[in-house]
Amino acid sequence: SSGLGYGGRLNWGDGKEELIFLNVKPNCCGILVGGFSKPPDPFDIIKEIDKIKSMELYHENILIDWDYGVSNHFINCLEVKNLSDMKLPPYVFLIHGSAPEFRTDLHGIGLYVDQSPILKQMAIEETTPFGMQYILTDSKAKEYMKFHLKALKFSKIKRELIAKHIFGNDFHVICNQPHQFLKDYNNMYLGCCCTDTSCELVENDIFPTVLRADIACYLFRGKRNLSDQVIKTLKFKETAEKLGLMDLLKNANILAHGGGYSFPDVKRVQKVLEYKDQRYFVCELREDTNKLKIVRNVKELQFEYRGRDVILKSLQLDLGDIIARLNPIFSLKL
Numbered sequence: 002s003s004g005l006g007y008g009g010r011l012n013w014g015d016g017k018e019e020l021i022f023l024n025v026k027p028n029c030c031g032i033l034v035g036g037f038s039k040p041p042d043p044f045d046i047i048k049e050i051d052k053i054k055s056m057e058l059y060h061e062n063i064l065i066d067w068d069y070g071v072s073n074h075f076i077n078c079l080e081v082k083n084l085s086d087m088k089l090p091p092y093v094f095l096i097h098g099s100a101p102e103f104r105t106d107l108h109g110i111g112l113y114v115d116q117s118p119i120l121k122q123m124a125i126e127e128t129t130p131f132g133m134q135y136i137l138t139d140s141k142a143k144e145y146m147k148f149h150l151k152a153l154k155f156s157k158i159k160r161e162l163i164a165k166h167i168f169g170n171d172f173h174v175i176c177n178q179p180h181q182f183l184k185d186y187n188n189m190y191l192g193c194c195c196t197d198t199s200c201e202l203v204e205n206d207i208f209p210t211v212l213r214a215d216i217a218c219y220l221f222r223g224k225r226n227l228s229d230q231v232i233k234t235l236k237f238k239e240t241a242e243k244l245g246l247m248d249l250l251k252n253a254n255i256l257a258h259g260g261g262y263s264f265p266d267v268k269r270v271q272k273v274l275e276y277k278d279q280r281y282f283v284c285e286l287r288e289d290t291n292k293l294k295i296v297r298n299v300k301e302l303q304f305e306y307r308g309r310d311v312i313l314k315s316l317q318l319d320l321g322d323i324i325a326r327l328n329p330i331f332s333l334k335l
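Count along the sequence shown from 1, add 1, and you get the number used in my numbering.
Next up, the structure:
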């Protein structure tokens with residue numbers, strides 16, 4: 002409903018300008034990849050998860066919210082097909098989750114402007130072509146970044162704590178990367194891994210790309226991207242040079258964390274209607290573009306998860322190199 006395309010990097014400055022658009026709503030989501038020597042029994046995992054959900058688990062005096070059955074958050078177990086010279090275990094698990102504990106103002110100013118009255122009161126309201134934007138500047142932007150960093154660290158530790166409670170000490174962490182976070186004041190990675198390993202928020206150069214439960218996932222080694230050749234092939238070069246954006250494109254440093262969504266019956270959004278602070282998306286249908294589907298809540302649309310074409314496109318755009326294919330054994334949403 003914010004009107005922002007999901008899956009990429011949003012940039013509005015050099016990273017140092019104290020200006021934050023709260024509509025991007027960072028939820029500090031990420032995926033932990035853990036390795037072990039043999040696959041666990043799913044029934045044993047179900048029993049351990051039930052124990053966790055029936056107890057009050059805290060970190061830094063904050064009650065942990067179990068969100069691994071919400072939306073597309075999950076726990077997966079997979080078999081490793083090593084495609085590199087990197088030493089990897091025969092099996093891995095994935096834990097995908099965020100930090101809903103920090104969305105409201107219960108533990109501070111909150112991450113979500115529509116769920117935190119304190120944050121909404123702090124924000125400047127500005128009407129833009131993208132609709133009403135809620136903006137923080139100067140000291141308020143600093144305060145938000147500090148709170149966001151706290152939430153991001155909490156989210157990462159939370160995934161590790163959950164893993165330890167489920168699997169004990171029989172695993173080691175391969176990577177635990179965020180994919181929905183503010184890298185700095187002016188760069189939002191929105192459902193997208195950041196392959197810039199010079200950033201302290203990126204722990205190493207290993208990144209998971211997760212597809213549907215019936216399709217293999219992949220581990221990538223990230224690259225600095227986009228390359229000169231890719232920029233040229235995509236016909237971005239002339240426009241980027243004209244607008245002074247070449248350095249930004251060469252350091253986009255993006256890699257998909259998942260397959261993303263597709264809408265099987267929708268061809269494109271023809272236009273957007275706005276009425277009383279609500280957006281209505283006028284969509285052309287694939288089978289007959291003269292027929293329209295008009296929706297307000299995009300979440301209610303029928304959707305599918307995209308498949309291997311995301312992997313092929315990542316390789317085509319030279320965003321990273323495949324380290325391993327992860328073949329599904331089972332997926333749990335509880």
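Glycine is no exception: its CB is placed at the ideal position from the N, C-alpha and C atoms.
Computed from a prediction, not measured in an experiment: that's the story for all the values here.
TODO: For R104, collect the residues of the same chain with a Cβ closer than 8 Å to its Cβ; drop the 5 residues on either side in sequence, then sort them by chain order.
DONE: Residue 104 sits at position 103 when you count from the first residue of the sequence shown. For R104, where only same-chain residues beyond five positions count, the Cβ hits under 8 Å are N28, G111, L112, Y113, Q116, S117.
- Message: Whether or not the stretch 145 to 156 and the stretch 96 to 103 are in contact is what I'm after, with contact meaning three or more pairs of Cβ atoms, one per stretch, closer than 8 Å; do they touch?
- Response: Three or more beta-carbon pairs separated by less than 8 Å link the stretch 96 to 103 to the stretch 145 to 156, which places the two stretches in contact.
| request: Quick one: measure Cβ to Cβ for I175 and I125, integer angstroms, because I've assumed they're closer than 8 Å. | output: Working through the sequence shown from its first residue, we reach residue 175 at position 174. Working through the sequence shown from its first residue, we reach residue 125 at position 124. Going by Cβ atoms, the distance from I175 to I125 rounds to 42 Å, so no, they are not a contact pair.
Completely contained alpha helix (DSSP H) runs for the stretch 125 to 176, where each covers 4 or more residues: The qualifying runs are 139 to 168.
The alpha helix (DSSP H) spanning T240 covers which residue range? Translated into positions along the sequence shown, residue 240 becomes position 239. For T240, the uninterrupted alpha helix (DSSP H) segment begins and ends at 238 to 244.
- request: Would you please state the rounded distance, in angstroms, between the beta carbons of G308 and G260? I believe it to be under 8 Å.
  value: Counting from one through the sequence shown, the residue named residue 308 turns up at place 307. Counting from one through the sequence shown, the residue named residue 260 turns up at place 259. Correct: roughly 6 Å between the Cβ atoms.
Handout entry: S332 - containing beta strand (DSSP E), residue span
Key = Translated into positions along the sequence shown, residue 332 becomes position 331. Membership of S332 in the beta strand (DSSP E) is indicated by the continuous run 321 to 333.
Review point. Looking at C-beta atoms only, is the number of pairs between the stretch 36 to 56 and the stretch 183 to 192 that lie closer than 8 Å three or more?
Key: With a cut-off of 8 Å on Cβ pairs, the stretch 36 to 56 is not in contact with the stretch 183 to 192, counting fewer than three such pairs.
Practice task
Give the secondary structure of D45 by DSSP, where H, G and I count as helix, E and B as strand, and everything else as coil.
Solution key: Here residue 45 corresponds to residue number 44 of the sequence shown, with the count starting at 1. Helix, per DSSP.
Subject >> Supposed close pair I167, E49 - CB separation, criterion 8 Å >> reply: What you label residue 167 is simply residue 166 of the sequence shown in a count that begins at 1. What you label residue 49 is simply residue 48 of the sequence shown in a count that begins at 1. The Cβ separation is near 5 Å, so the contact holds.
Look at the alpha carbon of K159 and the alpha carbon of K292, and state the distance between them as a whole number of angstroms. As a first step, residue 159 must be located in the sequence shown, where it is residue number 158. As a first step, residue 292 must be located in the sequence shown, where it is residue number 291. When rounded, the distance between both Cα atoms is 46 Å.
(request) Would you list the one or two residues that DSSP bridges to D185? (result) Numbered from its first residue, the sequence shown carries residue 185 at position 184. Bridge partners of D185: N188.
Quick check: the Cα distance between L64 and L107, rounded to an integer number of angstroms? To locate residue 64, count along the sequence shown from 1; it is residue 63. To locate residue 107, count along the sequence shown from 1; it is residue 106. In a straight line, the C-alpha of L64 is about 11 Å away from that of L107.
Can you tell me where the alpha helix (DSSP H) holding V311 begins and where it ends?
Translated into positions along the sequence shown, residue 311 becomes position 310. From DSSP, the alpha helix (DSSP H) with V311 extends over 310 to 317.
- prompt: Buried or exposed: which applies to P179, given that a residue is buried once 16 or more other Cβ atoms fall within 10 Å of its Cβ?
  reply: The residue labelled residue 179 in the question sits at position 178 within the sequence shown. Counting the other Cβ atoms within 10 Å of the Cβ of P179 gives 16 or more, which makes it buried.
**Asked** Out of R297, S38, I163, which has the shortest C-alpha to C-alpha gap to P91?
**Response** Against the sequence shown, residue 91 aligns to sequence position 90. It is S38.
When you compare only the Cα positions, how much space is there between I119 and L202? Translated into the one-based positions of the sequence shown, residue 119 becomes position 118. Translated into the one-based positions of the sequence shown, residue 202 becomes position 201. For I119 and L202, the distance between alpha carbons rounds to 26 Å.
If N252 sits next to Y135, beta carbons under 8 Å apart, how far is it from one beta carbon to the other, in whole angstroms? Position 251 of the sequence shown holds residue 252. Position 134 of the sequence shown holds residue 135. Rounded, the Cβ-Cβ distance is 28 Å, inconsistent with contact.
Taking the alpha helix (DSSP H) that K121 belongs to, which residues open and close that run? To locate residue 121, count along the sequence shown from 1; it is residue 120. 118 to 123 is the extent of the alpha helix (DSSP H) around K121.
Through-space distance from E285 to R297, alpha-carbon basis: Within the sequence shown, numbered from 1, the residue matching residue 297 stands at position 296. Within the sequence shown, numbered from 1, the residue matching residue 285 stands at position 284. Spanning the two alpha carbons is a distance of roughly 15 Å.
V273 - containing beta strand (DSSP E), residue span
On the sequence shown, residue 273 is found 272 positions in, with the first residue counted as 1. Secondary structure note for V273: its beta strand (DSSP E) is the uninterrupted segment 267 to 276.
Smallest Cα separation from P265: which of Y281, A241, K294? Mapped onto the sequence shown, residue 265 falls at position 264. The option with the nearest alpha carbon to P265 is K294.
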